[in-house]
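J.: Below you will find the structure I want to go over with you.
Here you go:
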């Protein structure tokens, strides 16, 4: 079996991509994932497709360590605080107040929603943004048609 360091290949692959604007890659906590952050404002569906077209998934955050790793990946970017100013995640509402990670269909077990969230305001908030409020990153449910930046993820394969 060949051992391949996928990150340099990923950078080379990404450098030739024109469909994702304003890319940055940052290997963070190698046990988990590499992240690609785009500030390009797109809908949830567009973000999902752009990540897939480039061999990645929209970010799924399965535990506190991954949540912190994503926050670390966003550190170099100027971020406006407040809801409706975040980045798309792969989370989608499933039923009344349950969520799943759309990329793998797994139920959302770990959560880090902002106080008072999720609230499904007007019954229209099916997606989840990763947003900075009160100087820390939290989650907020939001309509999928809004336009935000997004975070793609390539999970590391551990042999």
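In mature numbering (1 follows the signal peptide of the UniProt record, and there is no 0), the protein residues as written are -19 to -1, 1 to 140. Using N, Cα and C, we set each Cβ at its ideal position, and we do this for glycine too.
Could you round the C-beta distance between residue 69 and residue 94 to whole angstroms and report it? I think they count as a contact, below 8 angstroms.
T.: So it is not a contact: roughly 15 angstroms between Cβ atoms.
J.: Among residues of its own chain, excluding the 5 on either side of residue 44, which ones have a beta-carbon nearer than 6 angstroms to its beta-carbon?
T.: 91
J.: For residue 130, count the other beta carbons within 10 Å of its own beta carbon; 16 or more makes it buried, fewer makes it exposed. Which is it?
T.: Buried, because 16 or more other Cβ atoms sit within 10 Å of the Cβ of residue 130.
J.: Can you tell me where the alpha helix (DSSP H) with residue 32 in it begins and where it stops?
T.: 25 to 34
J.: Classify residue 113 as buried or exposed, calling it buried when 16 or more other Cβ atoms lie within 10 Å of its own Cβ.
T.: buried
J.: How would you label residue 105, buried or exposed, when you count the other beta carbons within 10 angstroms and need 16 or more for buried?
T.: exposed
J.: With three or more beta-carbon pairs closer than 8 angstroms as the criterion, would you say the region 71 to 90 touches the region 12 to 23?
T.: no
J.: Taking only the alpha-carbon atoms, compute the straight-line gap between residue 51 and residue 16 and give it to the nearest angstrom.
T.: 7 angstroms
J.: Since residue 125 contacts residue 32 with CB under 8 angstroms, what's their CB separation in whole angstroms?
T.: The pair is not a contact, with the Cβ atoms about 15 angstroms apart (cut-off 8 angstroms).
J.: Where does residue 66 sit, in a helix, a strand or coil, going by DSSP?
T.: coil
J.: Short check: CB of residue 122 to CB of residue 98, under 8 angstroms?
T.: yes
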